[in-house]
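Asker: Here the protein sequences line up with chains A and X, keeping their order.
Each residue of the first sequence is one higher than the one before, starting from 1 at the first, in the numbering used here.
Each residue of the second sequence is one higher than the one before, starting from 253 at the first, in the numbering used here.
Note that the Cβ used here is the ideal one computed from N, Cα and C, for glycine as well.
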Amino acid sequence: MNKWKRGAVPAGLVVLLLVLWEAVVQINDIPLYVLPAPSQVIKALISEGPGLVRHAQVTVGEALSGMAIALILALTLGIAMDAFPAVKSGIYPILVVTQTVPMIVLAPILIIYMGFGTAPKILTVVLMCFFPVAVSFTDAMGQMNEEYVQLVRSFGAGRWKAYCLVKIPAAVPGLISGLKVAATYSISGAVVGEWIGAQSGLGYYLLRVKNGYMLDKVFACVLVIVALSLAMNGLIRLCQTAVMPYEKEKRP
Amino acid sequence: MKLEVRDLSFSYGDRKVLEQVELQAEEGEFVSILGASGCGKSTILKLLTGVLPRRSGEILVDGKPVEGMSEHFAYMPQNDLLFPWKNILDNVCLYGRIHGTLNEARKEAMENMASFGLAGYEKAYPSSLSGGMRQRAAFLRTALCKSDILLLDEPFGALDVITRGEMQDWLLSMRKRMNRTVVLVTHDMDEAIYLSDRILILGGSPSRVGAELVPELPAEGRTRDWLYGQGELRRRIHREIMRKEERL
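Here it is in C-alpha cells:
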C-alpha cells in the first residue's frame, strides 16, 4: 500500500463521521448551545478568523517561550543528573512527584504569585514540558553504550569533552522524542494558564465564548488548538531531520 | 616503542581474572594474545589503556612506567563504535578533534582513505556502509592516533568469515606501512598465525600467559597458501591451549 492509500482510510473515516454528525444535528434540529454542526463550526472559524489569529499569536508565543525555557532547564539538569549520581538520586524522585500534581490546581496558585501577565502562563508550559524532555534526555544518556565513552577517553578526551563528543549527541534522539511529547503539550499548557486568568490568548477566548454558550466558536477554537499542537509537533519533526540527517541514509 | 607488562593481576569483584600476566612487545613487533572467550584478553587491553583502573603490576613503555590513561596507546574495540551522527571523515578524525589538530588529521585522513578502501565515502554516514568498511574506518581512526602502540581487541570478530579473511589479508599488507608496535587480542588461531610475529597463549583460571610461539616465516612472505600449510603450528597451539585448560 502506498502512502496515499494508507492516508485515505483514516481520512475517509473522518469525513464519514463529519457527515453523520452534520446529518444528526440537521435532522433532529439540535440547538447551537447543545451541539453545533460541523458547517456551523466552519462558519464560526471563518467569521472569527482575525480574532482567533490574534489570540493564537499570544498562545503560541507563550508556548514557544515555555518550551525554550523547559529545553534549557532539561539540558542543564539532565547533564547534571548524569554527571553526578547524587544529584540524580536527589532530584529524580522529586521530579516524578511534581508531575502528579494536577496542572489545573497549580495554575491558579501561580497566578496568585505572579499576577495576570504572561509569566504564569509561560511557567505552566515550562512545568508541563520540562518533565518529558528531562526524563527522555537523562534516560537516553544513561542507556548509551559505555564503550563509546571508554573509546574517547582512551583517545585522550577529558570528562567534559566526552560529554560533548559522545554523550550529548548520542542522547539527541531521546531528547527529540521528549520534545515531540512536550511540543504537543505546550499549547494545552498555555491554554490552561490563560483559562484561569488572562486578557488575551486562546484560553481566554475559549472561556469567554463558553460562558456565552457560543458552542460553534468553542469548537472552532478547539480546532485551532488541535492544529497548533500538531504544528508544534511538526516543527520538532523538522528539527529532527535537520539535526539527524544520518537517519535518512540508513541501509535498508 | 617497546612495551613491557610485568606482574599484572586483576579481579572483577571476587573473581580473579588475570594472575601475574607478563608480556613484551619490541619496537615494531606484532604480538597476538590468543585465548578462549572470557579468559581476560580484552581486560589486558583495557588495563593498558587505563579504561579499567589497575591495582597491581607494572606497564612500561620504552622502559618508563605508565600510569592511568596513557597517550601511548591507540585502542580499537571489537565493535567499530563509529558515531552514527558523524560522517566517515569526521569519525576517523576523532583523535585530531580531541587534541585540537583537526585540519592536520583531515589531511592525513584524506591521504589514507584509498588504502583503507574508503575513497568516495568521506561524507557517508556509518549506517550506510558495510560491516567490513565500517571496521576499516574504525581502523583508520585508530591508525590516525599519534600513539605508538596499537591495541586491537578482536578487530574482526564481529565480521563474517569471508569479510574477516579479506580484512586479514588487508591488515597483513598494511603492517609494514603502519610500522608500529601492535598487540592483537584474538580467539582465532589462524588470524594469530597469519598476522603476528609472536603468539602468546593466555589461559587457565585465573588466566596467565603460558607458551610463546613464533611462526617461522616472516610476515612479508606470508600468503594464504602458507597459512593452510601451518598444520603443525596449529597443532602445537591447540596442545598449549588444552594444557592450560587441564590445570583448571
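Between residue 334 of chain X and chain A, is there a C-beta pair that is closer than 7 Å?
Answerer: Here residue 334 of chain X is taken as the residue at index 82 of the second sequence, counted from 1. Not closer than 7 Å to any Cβ of chain A, the Cβ of residue 334 of chain X fails to qualify, so no.
Asker: Say whether chain A places a C-beta atom closer than 7 Å to the C-beta of residue 301 of chain X.
Answerer: For the purposes of this step, residue 301 of chain X is taken as residue 49 along the second sequence, with counting starting at 1. Taking Cβ atoms only, chain A reaches closer than 7 Å to residue 301 of chain X, which makes this a yes.
Asker: Report back the beta-carbon spacing between residue 404 of chain X and residue 436 of chain X to the nearest angstrom; my notes put them in contact at under 8 Å.
Answerer: Locating residue 404 of chain X in the second sequence gives position 152, counting from the first residue. Locating residue 436 of chain X in the second sequence gives position 184, counting from the first residue. Yes, residue 404 of chain X and residue 436 of chain X are in contact; Cβ-Cβ is about 5 Å, under 8 Å.
Asker: So with CB distances below 7 Å, who are the chain X contacts of residue 150 of chain A?
Answerer: One-based indexing of the first sequence puts residue 150 of chain A at position 150. 303, listed in chain order.
Asker: Which bits of chain D does residue 7 of chain A rub up against, with CB to CB less than 9 Å?
Answerer: As a matter of chain content, chain D is missing from the structure shown, whose protein chains are A and X.
Asker: Expressed to the nearest angstrom, what Euclidean distance is found between the alpha-carbon atoms of residue 386 of chain X and residue 357 of chain X?
Answerer: Here residue 386 of chain X corresponds to residue number 134 of the second sequence, with the count starting at 1. Here residue 357 of chain X corresponds to residue number 105 of the second sequence, with the count starting at 1. Roughly 19 Å separates the two Cα atoms.
Asker: Excluding five sequence neighbours on each side, which residues of the same chain lie with their C-beta closer than 7 Å to the C-beta of residue 446 of chain X?
Answerer: Locating residue 446 of chain X in the second sequence gives position 194, where the first residue counts as 1. Counting only Cβ-Cβ distances below 7 Å, and skipping sequence neighbours, we find 420, 424, 474, 479.
Asker: Any beta carbon of chain X sitting closer than 7 Å to that of residue 116 of chain A?
Answerer: Here the question's residue 116 of chain A lines up with position 116 in the first sequence. No, because no Cβ of chain X sits closer than 7 Å to the Cβ of residue 116 of chain A.
Asker: Between the C-alpha atoms of residue 311 of chain X and residue 245 of chain A, what's the straight-line distance to the nearest angstrom?
Answerer: For the purposes of this step, residue 311 of chain X is taken as residue 59 along the second sequence, with counting starting at 1. For the purposes of this step, residue 245 of chain A is taken as residue 245 along the first sequence, with counting starting at 1. Cα to Cα, residue 311 of chain X sits roughly 43 Å from residue 245 of chain A.
Asker: Tell me the DSSP secondary structure of residue 328 of chain X in three-state form.
Answerer: Here residue 328 of chain X refers to the residue found at position 76 of the second sequence. Strand.
Asker: Using a Cβ cut-off of 9 Å, which residues of the region 365-382 of chain X contact any Cβ in chain A, in chain order?
Answerer: Answer in chain order: 376, 377, 378, 379, 380, 381, 382.
Asker: Taking just the CA atoms, how far does residue 286 of chain X sit from residue 439 of chain X?
Answerer: Taking the first residue of the second sequence as 1, we reach residue 439 of chain X at position 187. Taking the first residue of the second sequence as 1, we reach residue 286 of chain X at position 34. Residue 439 of chain X and residue 286 of chain X: Cα-Cα distance of roughly 5 Å.
Asker: Going along chain X in order, which residues have a C-beta closer than 9 Å to the C-beta of residue 153 of chain A?
Answerer: Locating residue 153 of chain A in the first sequence gives position 153, counting from the first residue. In chain order: 301, 302, 303, 321.
Asker: When burial is assigned at 16 or more other CB atoms within 10 Å of the CB, is residue 34 of chain A buried or exposed?
Answerer: Looking up residue 34 of chain A in the first sequence gives position 34. That one is exposed.
Asker: Does the Cβ of residue 211 of chain A have 16 or more other Cβ atoms within 10 Å, making it buried, or fewer, making it exposed?
Answerer: As a working mapping, residue 211 of chain A is identified with position 211 in the first sequence. Exposed, by the Cβ-count rule.
Asker: Between residue 122 of chain A and residue 64 of chain A, what straight-line distance do the alpha-carbon atoms span, to the nearest angstrom?
Answerer: If you number the first sequence from 1, residue 122 of chain A lands on position 122. If you number the first sequence from 1, residue 64 of chain A lands on position 64. Each residue's alpha carbon lies about 9 Å from the other.
Asker: Strictly below 8 Å CB to CB, what residues from chain X border residue 107 of chain A?
Answerer: If you number the first sequence from 1, residue 107 of chain A lands on position 107. Near residue 107 of chain A there are no residues of chain X at all, since even the closest Cβ is about 39 Å away, more than 8 Å.
Asker: Tell me the DSSP secondary structure of residue 460 of chain X in three-state form.
Answerer: Translated into the one-based positions of the second sequence, residue 460 of chain X becomes position 208. Three-state DSSP puts residue 460 of chain X in a strand.
Asker: Leaving out five residues on either side along the sequence, give the residues of the same chain with a beta carbon under 6 Å from the beta carbon of residue 347 of chain X.
Answerer: Along the second sequence, read from residue 1 onward, the residue named residue 347 of chain X stands at position 95. Answer for residue 347 of chain X: 396, 397, listed in chain order.
Asker: Just checking my contact of residue 193 of chain A with residue 124 of chain A at CB under 8 Å: how many whole Å lie between their CB atoms?
Answerer: Numbered from its first residue, the first sequence carries residue 193 of chain A at position 193. Numbered from its first residue, the first sequence carries residue 124 of chain A at position 124. Yes, they are in contact, since the Cβ atoms of residue 193 of chain A and residue 124 of chain A sit about 4 Å apart, within 8 Å.
Asker: Who does residue 268 of chain X pair with in a DSSP beta bridge?
Answerer: Taking the second sequence and counting its residues from 1, one reaches residue 268 of chain X at position 16. The partner list for residue 268 of chain X (beta bridge, DSSP) reads X:263.
Asker: Taking DSSP's pairing of strands, which residues face residue 282 of chain X in a bridge?
Answerer: As a first step, residue 282 of chain X must be located in the second sequence, where it is residue number 30. Its beta-bridge partners are X:434.
Asker: Determine the closest residue to residue 132 of chain A out of A:71, A:112, A:80, A:82, with distance taken between C-alpha atoms.
Answerer: Numbered from 1 along the first sequence, position 132 holds the residue referred to as residue 132 of chain A. Among A:71, A:112, A:80, A:82, the Cα nearest to that of residue 132 of chain A belongs to A:71.
Asker: Based on the DSSP output, what are the partners of residue 455 of chain X in its beta bridges?
Answerer: Counting from one through the second sequence, the residue named residue 455 of chain X turns up at place 203. Partner(s): X:460.
Asker: Three-state secondary structure (DSSP) at residue 303 of chain X?
Answerer: Numbered from 1 along the second sequence, position 51 holds the residue referred to as residue 303 of chain X. Reduced to three states, the DSSP call for residue 303 of chain X is coil.
Asker: Evaluate contact between the region 81-94 of chain A and the region 183-203 of chain A, counting only Cβ atoms and requiring at least three cross-stretch pairs below 8 Å.
Answerer: No: the two stretches stay apart, fewer than three of their Cβ pairs being nearer than 8 Å.
Asker: Residue 306 of chain X to residue 242 of chain A, Cα distance in whole Å?
Answerer: Walking along the second sequence from the start, residue 306 of chain X turns up at place 54. Walking along the first sequence from the start, residue 242 of chain A turns up at place 242. Roughly 43 Å separates the two Cα atoms.
Asker: Could you tell me how far apart the beta carbons of residue 389 of chain X and residue 350 of chain X are, in whole angstroms, since I believe they sit closer than 8 Å?
Answerer: Here residue 389 of chain X is taken as the residue at index 137 of the second sequence, counted from 1. Here residue 350 of chain X is taken as the residue at index 98 of the second sequence, counted from 1. Incorrect: roughly 17 Å between the Cβ atoms, too far for contact.
Asker: Kindly indicate if chain X contains any beta-carbon less than 7 Å away from that of residue 156 of chain A.
Answerer: Position 156 of the first sequence, counted from the start, is the residue given in the question as residue 156 of chain A. Chain X contact via Cβ: present.
Asker: Taking just the CA atoms, how far does residue 173 of chain A sit from residue 377 of chain X?
Answerer: For the purposes of this step, residue 377 of chain X is taken as residue 125 along the second sequence, with counting starting at 1. For the purposes of this step, residue 173 of chain A is taken as residue 173 along the first sequence, with counting starting at 1. If I take the Cα positions, the gap works out to 16 Å.
Asker: Please confirm if the region 135-142 of chain A is in contact with the region 101-116 of chain A, defined as three or more CB-CB distances below 8 Å between the two stretches.
Answerer: Cβ pair count under 8 Å is below three, so no.
Asker: With a cut-off of 7 Å, does the C-beta of residue 48 of chain A fall near any C-beta of chain X?
Answerer: If you number the first sequence from 1, residue 48 of chain A lands on position 48. No, its Cβ sits nowhere closer than 7 Å to a Cβ of chain X.
Asker: Do the CB positions of residue 302 of chain X and residue 321 of chain X come within less than 7 Å of each other?
Answerer: Stepping through the second sequence from its first residue, residue 302 of chain X is reached at position 50. Stepping through the second sequence from its first residue, residue 321 of chain X is reached at position 69. Their beta carbons are under 7 Å apart, which means residue 302 of chain X touches residue 321 of chain X by this criterion.
Asker: Does DSSP classify residue 223 of chain A as helix, strand or coil?
Answerer: Mapped onto the first sequence, residue 223 of chain A falls at position 223. Reduced to three states, the DSSP call for residue 223 of chain A is helix.
Asker: If you follow the alpha helix (DSSP H) that residue 151 of chain A is part of, which residue opens it and which one closes it?
Answerer: Residue mapping note: residue 151 of chain A aligns to position 151 of the first sequence, counting from 1. Its alpha helix (DSSP H) spans residues 146-154.
Asker: Kindly list, in the order they appear in chain X, the residues whose Cβ is closer than 7 Å to that of residue 161 of chain A.
Answerer: The residue given as residue 161 of chain A occupies position 161 in the first sequence. Those within 7 Å of residue 161 of chain A in chain X are 350.
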